[in-house]
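Encoded as structure tokens, the structure appears first; notes follow it.
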Amino acid sequence: MVNIADPVNPHVVGAFGHPAWNLVVSDTVAFLSAGPLVWYNVADPTAPVLMDSILLNHTARGLAVVNNIAYVSALNQLHAVNVADLRRPEILATVSLPYTANRIIYAEPYLYLSCWAAGVSIYETVSLGIAEPERAGRPYRGLQVSPNPSVGRVVLTSQRAFDGEVMIMDIAGRVIANPRARPIDERRAMVEFDGLRPGVYFAEVRTKNESEIMKLVIR
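Shown next, in the form of structure tokens:
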């Protein structure tokens, strides 16, 4: 990983020795086609962390990540893998290819696959009804968080009396903090995040019967 903030003086800030055919970075996750489909947490580029992987029918080659779907070619097949919940990746669909695709390019709404001697194959993407991670309870309607991105302090606003418990999860879904929500008034509360590194997290607000998860970016 190379810092190019100063393009005349680029410098390496981090590395990992995992072999890979292709690499795609989405938010703070690096996806690699490297035998299986593998993903690393790169929120801190100086210390990337291997998170998990999923085996396909053969060596993963071409790779594109669109929203929460990873499109991966392996041998003569294209797999659509749901990576909305990185703890439980799921193969949603598989189609046959005329040849192994070593490169996949996405230009909405099409996937362009470079299939070597078989030329370029073009597939139209459609909604797959992506399942979000399941949580018990009804939505905590009308909840808002600001500012987002944040530097470590946010205000949660609800359409009714705020009485929720706050949990902070990393991108793998692990609870890493339970900050206290300090009431500002009946419908607002302030939450401070001490010790969180810059990156993407999820904040869950839960009451006895309701819950809601929001994406939270710390700068």
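Be aware that the sequence shown starts at 0, since it is given in numbering that gives the first Met the number 0, and climbs by one per residue. Think of the CB as a built atom: it goes at the ideal place given N, C-alpha and C, for glycine as much as any other residue.
According to DSSP, residue i sits in a beta bridge with which residue or residues?
i, result
"S145", "V154"
"V199", "V216"
"L74", "Answer is none; L74 lacks a bridge partner."
"N177", "Paired residues: none, contrary to the question."
"N81", "I68 and E89"
"A29", "V24 and Y39"
"P182", "A188"
"V204", "V165 and E211"
Within the same chain, show all residues whose beta-carbon is closer than 6 Å to that of residue i, passing over the 5 residues directly before and after it, in chain order.
i, result
"E164", "R205"
"A180", "V165, A188 and V190"
"V11", "V1"
"W115", "Y98"
"R218", "P148, V150 and P197"
Taking DSSP as the reference, what is the three-state secondary structure of residue i?
i, result
"W38", "strand"
"A188", "strand"
"K19", "With the sequence shown as reference, residue 19 is identified as Ala, and Lys is not the correct amino acid for it. If DSSP states are grouped into helix, strand and coil, A19 belongs with coil."
"L55", "coil"
"A63", "strand"
"M0", "coil"
"E133", "Interpretation of E133 is limited by its pLDDT of 45, a score under 50 that renders its predicted location unreliable; no figure is taken from the coordinates."
"V12", "coil"
"D5", "coil"
"P138", "In this predicted model, P138 has a pLDDT of only 45, less than 50, meaning its place in the structure is not dependable enough to derive any value."
"L49", "strand"
Could you name the residues of the same chain whose beta carbon sits closer than 8 Å to that of residue i, not counting the 5 residues immediately before and after it, in chain order?
i, result
"A117", "L96, P97 and Y98"
Using only alpha-carbon positions, find the residue among the options that is nearest to residue i.
i, options, result
"N101", "P35, L74, L195 and V150", "L74"
"T124", "M168, A79 and P146", "A79"
"P44", "F15, P108 and L110", "F15"
"Q76", "F192, N56 and K214", "N56"
"F30", "A42, I121, L54 and A69", "A69"
"S113", "V71, D193 and P182", "V71"
"S145", "N21, M213 and D26", "M213"
"R60", "A19, L54 and G13", "A19"
"G194", "P182, E203, N177 and A106", "N177"
"T58", "V154, S32 and P6", "S32"
"D184", "I167, V154, R173 and A202", "V154"
"T27", "H17, A42, G34 and P35", "A42"
"P35", "Q143, L142, E203 and P88", "P88"
"Q143", "L215, E107 and Y122", "L215"
"Y105", "P6, V23, D5 and S210", "V23"
Leaving out the 5 sequence neighbours to the left and right, which residues in its chain are closer than 7 Å to residue i when beta-carbon positions are compared?
i, result
"V48", "Y39 and N40"
"D169", "I175 and Y200"
"M50", "W38, Y39, N40, L85 and A171"
"G128", "Any reading at G128 is ruled out, since the residue's pLDDT is 40, under 50, leaving its predicted position unreliable."
"N224", "Coverage of the chain is limited to positions 0 through 218, which leaves residue 224 absent and any answer about it impossible."
What ranges does the beta strand (DSSP E) occupy inside the stretch 98–128, keeping only unbroken runs of at least 3 residues that lie completely in it? 102–106, 109–113 and 119–123
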